[in-house]
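Residue numbers (the numbering used here), protein chains in the order written: chain Z, 7 to 267; chain W, 9 to 263.
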């Protein structure tokens, strides 16, 4: 996790952060009119960008995704308290693929071991989609902007479609060329340092916290509140307190897992 | 096409210190979050619209009129049918029920989003990217981080322009983005995204070299072209906004 601080010493990583953010904004802005939940989310093929750039630029993609989402909210007329949850969720969305890949495969290039590598890339992309759904769904519900069951699931489906359809093929097309140009994170930061000491534990905690958070969020909002299925998670303040308190341990575990990586 | 909402920094809002502007934006988010009744929410929105006119942000508000309509058109039915207000239902659709209370709640939620939108537009109409970066720096954000943020703002129009040129060039070569299933169309965007990404990275490499050759990060203490001074406005407007927050709390407890 220390690379989140050390990357700011490298001018190239700073520029890559700005570039990742600008790329994300450019991909999000044209679709701001395709609203799914007003003021909160829209159809987002651009959601493929943070996962792709996370494999390429590592920590720069995490900051780039966070900044990019805030800038897109500002320029697209959706800026508000929800942008805070948006920053946190998108930051982790751009951070989780990089840390999970590094923990499992070290400095190896995606695709080096053939098909099994691409399956791993796809699985990591799924975990990062679950992560952003849990974090933004939780944050927006706490702020009283949208219920978890609606926003969390929309973000999950939206991002899964974009990452699986676009991120993986784009990564296959771009990684080698960018690595040869010395623009991937392990080239810029000289391999990114030693492998994390508790990598396995970190991976297990991050995956368990993300999946567990989603399942817990669905259970809390769908059944425990005693409301109709269609009204899931829309139980007003009672629902917000239940989601806020129920998902807090999972969010804390997610951050702890990331800290271990 | 313009991507900036900035109008002037000579308005009542723009003359405040950048840190005060950020504080005012933060305070402006509080009243809508406290309210779930559309009547006081309308009063708050009226205050924000007045501020938008005074700050010269009304053109920005007009530019995003689509969102204002959509916020209300989607939020009211969405919340009306799924929010349990506890009163007698007046409409039913399968498992969904809507009551007068849930319709009012939906209207309040739509107005809440419009309040956030107008508050953000007032901020953007009076704040340049460098003002934002300066304000964030004064609040403790490291210079390099605020630099990355402001650089991202500046790169965005360049990226959009480059993407538009590449899309036109690919269409001329026969790329069809308008037919086929949605996944097929999305996959065809790869032909645009890859050249956009490579063009951007070429620029990034040159930019990093240019920054370092100009001594980027050589000095720990930074100087700025523009000097920002704290004035009486930096006490008046936060105090006024605090009064609006206090009035909202009063309205919330009495209505």
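Ideal Cβ placement from N, Cα and C applies to all residues, glycine included.
Q. What in chain W is Cβ-close to residue 86 (chain Z), meaning under 8 Å?
A. 37, 121, 124, 125, 127, 128
Q | Ranges of the beta strand (DSSP E) found wholly within the region 52-96 of chain Z, counting only runs of at least 3 | A | none
Q: Going by CA-CA distance only, name the one from W:117, W:86, W:162 that's closest to residue 104 (chain W).
A: W:86
Q. Three or more C-beta pairs closer than 8 Å, one from the region 81-100 of chain W and one from the region 125-134 of chain W: is that the case here?
A. no
Q: Could you name each continuous beta strand (DSSP E) segment of 3 residues or more that falls completely within the region 93-163 of chain W, going from the start of the chain to the end?
A: 97-101, 104-107
(Q) Alpha carbons only, please: which of Z:247, Z:105, Z:261, Z:162 is nearest the one belonging to residue 53 (chain Z)? (A) Z:162
Q: Report the rounded CA-to-CA distance for residue 237 (chain Z) versus residue 167 (chain Z), giving the unit in angstroms.
A: Only weak support exists for where residue 237 (chain Z) lies, its pLDDT of 44 falling under 50; the value from the coordinates is given anyway. When rounded, the distance between both Cα atoms is 25 Å.
Q) What are the boundary residues of the alpha helix (DSSP H) that includes residue 162 (chain Z)? A) 154-168
Q.
Cutting at 8 Å between CB atoms, please list the residues of its own chain near residue 209 (chain Z), excluding the five before and the five after it.
A. 106, 109, 110, 263, 267
Q. Between W:126, W:144, W:137, which lies nearest to residue 30 (chain W) when the distance is taken from Cα to Cα?
A. W:144
Q.
Could you check whether the Cβ of residue 247 (chain Z) sits closer than 9 Å to any Cβ belonging to chain W?
A. no
Q. For residue 189 (chain Z), which three-state DSSP category applies?
A. coil
**Q.** chain W contact residues for residue 1 (chain Z), given Cβ-Cβ distances below 8 Å
**A.** Any question about residue 1 (chain Z) goes unanswered here, given that chain Z covers just 7 to 267.
**Q.** Within-9 Å CB hit, residue 253 (chain W) to chain Z
**A.** no
**Q.** Span of the alpha helix (DSSP H), counted from its first residue to its last, around residue 10 (chain Z)
**A.** 9-12
Q. Of the residues that make up the region 65-79 of chain Z, which ones have a beta carbon closer than 9 Å to any beta carbon in chain W?
A. 66, 69, 70, 73, 74, 76, 77, 78, 79
Q.
DSSP three-state label for residue 236 (chain Z), please.
A. Residue placement at residue 236 (chain Z) is poorly supported in this model, since its pLDDT is 41, which falls under 50; the coordinates still yield a value, given next. Helix.
(Q) Less than 9 Å between CB atoms is the rule here; does residue 142 (chain Z) satisfy it with respect to chain W? (A) no
Q | residue 18 (chain W) (DSSP reduced to helix, strand or coil) | A | coil
(Q) DSSP has residue 28 (chain W) in a bridge; who is on the other side? (A) Paired residues: none, contrary to the question.
Q.
Under 7 Å, CB to CB, which of the residues in the region 80-96 of chain W have a partner in chain Z?
A. 82, 83, 90, 91, 92
**Q.** Residue burial classification, residue 91 (chain W) (beta-carbon count within 10 angstroms, cutoff 16)
**A.** buried
Q: From the DSSP output, read off the bridge partner residues of residue 198 (chain W).
A: The partner list for residue 198 (chain W) (beta bridge, DSSP) is empty, contrary to what the question assumes.
(Q) If you reduce the DSSP assignment to three classes, tell me which class residue 190 (chain W) lands in. (A) helix
**Q.** Members of the region 152-172 of chain W that neighbour chain Z once the beta carbon cut-off is set at 7 Å
**A.** 152, 153, 155, 156, 157, 159, 160, 161, 163, 164, 167, 168, 171
Q: Run the CB neighbour count on residue 95 (chain W), radius 10 Å, all protein chains shown included, and call it buried at 16 or more, exposed below.
A: exposed
Q. Assuming residue 259 (chain W) and residue 40 (chain W) make a contact with CB atoms under 8 Å, what is their CB distance in whole Å?
A. That belief does not hold up - the Cβ atoms of residue 259 (chain W) and residue 40 (chain W) are roughly 12 Å apart, past 8 Å.
Q) Would you call residue 254 (chain Z) buried or exposed, if buried means 16 or more other Cβ atoms sit within 10 Å of its Cβ? A) exposed
Q: Could you work out which residues of chain Z lie near residue 197 (chain W), taking near to mean beta carbons separated by less than 8 Å?
A: 51, 172
Q: Excluding the 5 residues preceding and the 5 following residue 142 (chain W) in the sequence, name in chain order all residues of the same chain whose CB lies nearer than 7 Å to its CB.
A: 26, 232, 236
Q: May I ask you to report which of helix, strand or coil DSSP gives residue 172 (chain Z)?
A: helix
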